[in-house]
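Protein chains in written order, with this note's numbering: chain A, 1 to 310; chain B, 1 to 332.
Virtual Cβ for every residue (Gly too), placed ideally from N, Cα, C.
Since this is a predicted model, take the numbers as computed values, not measurements.
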Amino acid sequence: MTPSRLLARQSLAGLMRDRSVLILVAFFAAMVMVTAWLGWSATNTVNAIYADAAQYLAGAGQPVPSNPVGQSAPLAVLRNLGVYISLIGTFGAIVIGQLLIEADRRAGTLPLLGTRPFARRDYALGKMRALGVATGAMMAVAGLISVATLFTIPSLVVRSADLARLGLFLILGWAYITTFGLVALGAAARMPATASGLISASVVWLVVTFVLPELTANIHPTASINPVSTLAATPDSAFFRVTSTLLGPVSLSEAFAWLSGDLLSFLPDGLAPRGPVPPLVTLPLALLLAFLFALRSAAKLDLTAGGPDA
Amino acid sequence: MPNILPSIRGSVMTIALRDAREQLRDRFLFWATLALVVASTASLVTGAIALHSDAATYAAARDQLLALGKDAAAIAAPEFYPLKLMRGMIEQVEIMGAVIALVAGYRAAAAERGRQTLALILTRPLPHWAYRLAKIIGGMGLAAVSLGIVIIATAILLPVVSGIGLGTDDALRLALTWAAGVFYLTVLFTLGFGLSLWARSPASGLIAAFALWILVVLVAPQIGDTMDPDNQVAGGVFAQLSVPKAEQDRIKAGFAGYETFRNGIEVASVTKHFERFTFAILGIKDTYTGAPVDKVLAEKRGDLLFLFLFSLGLGGLVLLRPINPDRLTKES
């Protein structure tokens, strides 16, 4: 067994014993369970409102417009899944990322690890491998629950192509949350004070989720966590054209929301992604940059420091 | 014999002021306030730019109609109320402000546990509840100063970006927003402080506080927002279907059970009460735009009362729960 694999196994065993992590994963799983019901219930209500309104308009001799929802694609009922992945999933990844470093530091095991015959790079790779497996497990849980709920909702016809799209969406969700987990891991390695990695990665996540969408498209914070409201066109003004071009490629939450809409079939017709770079490029690129940051930070970690009073 | 022991009130104020001095010394207050000011002014400016863009679109459409000899009344003129531009600021306080308050609460507990000064303070002739009260008062002061700066900064910027000055009525509405905001942020501070004080380690308390923040501040209002039929369609489902208001009300009445359930999820969150009160007092919600302050206060008394009672209840819980003697240090 390679040193990085051994370290990853040891780290994963530690994570599975941590109550905070288990509670967060359970919370995430519970929200994934209600996602399909939320989408199904809201769509049903709009359809019922439409039927009522159409009856009135026809009776009044007025033209009856087409149903504005028109979401026949079964995956559209999972439209809240992207929001919960970007909120709870990302926070879970941040907690895991910082715990992977901080647990060793607080337990005083860093100096012990430093005496072992392996390179610091192995330590960094082991921690990142553990993070990738943990976030992968979270996405696997989300996938299993989503598929199970899709098949239990009556009147939904799920095809294999839908499952393939869901699979691709979950892979991109994994990339999205792992990016923030790697930022937390790298920040925790660089900043020895308790919870510094957690706080700094959370600040990055908050700016990406709640500030950048305002600058690129005037999307307020509460709208940015609504799967439908966040998919708004860039306002027709020179300012927003410039800001969306400049900030669009780093506005990761908007990129993920656009991909969610596209893959889960609820993207408004003709809505272009924010900025000139396609989200399918920006998300993997962000993951790569976060990987390099975490690798460099964890490989330079001071293995002589640590202990409960560090 | 003269009373050489300090009074409880004096001790409480000493600890609260010491906390305030510490927050000033290590610049936490500075950076927290700056972050909130930047996020709030960004919201204000982008909102104003979007509004100017709407006004320009209206003016172009109106000119085109007039040039064709048609009546300009065929298109609705955009209505402009400067305080409506505060929507982004309120939402930033709701979300970013809440995180800052949680972290401030965590720091108030973690600093004492990390430096082992908590055990030292508790050797003094001071009831434990008085110590916790002092910390909450310190946090409330921090929220009051920080939010006051944010509101003053945005109020100064508002006439610049909107071109309309603010009157005394507007100042009163902003003062009420500030008061509600101080209660709201104190709730979050108390949550972060209490959990970081009780948890096995302060960092575990912070993680639990963050998880509750996600649930209370983001997820509960988000579920209610997502279930709103008007949020399923861009521009609103009734607007898209061009159904008159009376007919809208009739149709909505048929979904009373659904609406009660949706509203129930929303009002379970203290954030939603803060939002509903401030959106009404600032006229951000259309039904309250231009309404007199006393009318809004009468109708939104319930939200304000919930904010007050919730902060009182949570504060009481933190005051009543004793400090575990095994958890006085950073790692227990």
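What does a CB cutoff of less than 7 Å around residue i pick up in its chain, not counting 5 residues either side in sequence?
i, result
"ARG173 (chain B)", "LEU83, ILE281, LEU282 and VAL293"
"VAL12 (chain B)", "ALA130, LEU133, ALA134 and ILE137"
"VAL99 (chain B)", "TRP213"
"VAL187 (chain B)", "VAL270, PHE310, SER311 and LEU314"
"LEU191 (chain B)", "LEU102, GLY105, ALA209, LEU212 and LEU314"
"SER200 (chain A)", "ALA187 and MET191"
"ALA232 (chain A)", "ALA217 and ILE219"
Does any C-beta atom of chain B lie closer than 7 Å to the C-beta of residue i?
i, result
"PHE91 (chain A)", "yes"
"ILE85 (chain A)", "no"
"VAL208 (chain A)", "no"
"TYR176 (chain A)", "no"
"ASN67 (chain A)", "no"
"PHE28 (chain A)", "no"
"ALA53 (chain A)", "yes"
"PRO235 (chain A)", "yes"
Quick test of your reading: residue i and residue j, contact by CB under 8 Å. State the CB separation rounded to the nearest angstrom.
i, j, result
"SER146 (chain A)", "LEU57 (chain A)", "About 36 Å; that fails the 8 Å criterion."
"PRO221 (chain B)", "THR222 (chain A)", "7 Å"
"SER146 (chain B)", "LEU36 (chain B)", "7 Å"
"PRO278 (chain A)", "SER251 (chain A)", "About 13 Å; that fails the 8 Å criterion."
"ILE150 (chain A)", "LEU259 (chain A)", "Per the sequence shown, the amino acid found at residue 150 (chain A) is Leu instead of Ile. Going by Cβ atoms, the distance from LEU150 (chain A) to LEU259 (chain A) rounds to 19 Å, so no, they are not a contact pair."
"TRP198 (chain B)", "ARG327 (chain B)", "7 Å"
"ALA180 (chain B)", "LEU304 (chain B)", "6 Å"
"THR282 (chain A)", "ALA255 (chain A)", "5 Å"
Should residue i be labelled buried (16 or more other beta-carbon atoms within 10 Å of its own) or exposed?
i, result
"ALA13 (chain A)", "exposed"
"ILE152 (chain B)", "exposed"
"GLY167 (chain B)", "exposed"
"ASN324 (chain B)", "exposed"
"LYS300 (chain A)", "exposed"
"GLY248 (chain A)", "buried"
From the beta carbon of residue i, is the nearest beta carbon of chain A less than 7 Å away?
i, result
"ASN231 (chain B)", "yes"
"MET1 (chain B)", "Caution applies to MET1 (chain B), whose pLDDT of 49 falls short of 50 and renders its modelled position unreliable; the model cannot decide the point."
"MET227 (chain B)", "yes"
"TYR288 (chain B)", "no"
"GLY257 (chain B)", "no"
"VAL237 (chain B)", "yes"
"GLN64 (chain B)", "no"
"THR46 (chain B)", "yes"
"GLY88 (chain B)", "yes"
"GLN23 (chain B)", "no"
"ALA16 (chain B)", "no"
"SER196 (chain B)", "no"
Compute the distance between the beta-carbons of residue i and residue j, then report whether it is under 7 Å.
i, j, result
"SER269 (chain B)", "VAL182 (chain B)", "no"
"ALA211 (chain B)", "THR194 (chain A)", "no"
"PHE169 (chain A)", "ILE49 (chain B)", "no"
"ILE355 (chain A)", "ALA30 (chain A)", "Because chain A spans 1 through 310 in this model, residue 355 (chain A) falls outside it and cannot be assessed."
"LEU215 (chain A)", "THR243 (chain A)", "yes"
"VAL103 (chain B)", "ILE49 (chain A)", "no"
"ALA124 (chain A)", "ALA290 (chain A)", "no"
"ILE225 (chain A)", "VAL83 (chain A)", "yes"
"ALA217 (chain A)", "THR245 (chain A)", "no"
"LEU185 (chain B)", "ALA101 (chain B)", "yes"
"LEU182 (chain A)", "ALA26 (chain A)", "no"
"ILE94 (chain A)", "ALA134 (chain A)", "no"
"MET138 (chain A)", "GLY89 (chain A)", "yes"
"LEU166 (chain A)", "PRO74 (chain A)", "no"
"SER196 (chain B)", "ALA109 (chain B)", "yes"
"ARG262 (chain B)", "GLY224 (chain B)", "yes"
"ARG79 (chain A)", "PHE210 (chain A)", "no"
"LEU51 (chain B)", "MET89 (chain B)", "no"
"THR304 (chain A)", "PRO111 (chain A)", "yes"
Using C-beta distances below 6 Å, list every residue in its chain close to residue i, excluding the 5 sequence neighbours before and after it, in chain order.
i, result
"ALA98 (chain A)", "A small correction: the amino acid at residue 98 (chain A) is Gln; Ala does not occupy that position in the sequence shown. Same-chain partners within the cutoff: ALA184, ALA188, GLY197 and LEU198."
"ALA8 (chain A)", "GLY126, ARG129 and ALA130"
"THR33 (chain B)", "SER146 and ILE149"
Ordered along the chain, which non-local residues of its own chain (more than five positions away) have a Cβ less than 8 Å from that of residue i?
i, result
"LEU24 (chain A)", "ILE88, PHE91, GLY92 and VAL95"
"GLY143 (chain A)", "LEU166, GLY167 and LEU170"
"VAL141 (chain A)", "VAL25, PHE28, ALA29 and VAL32"
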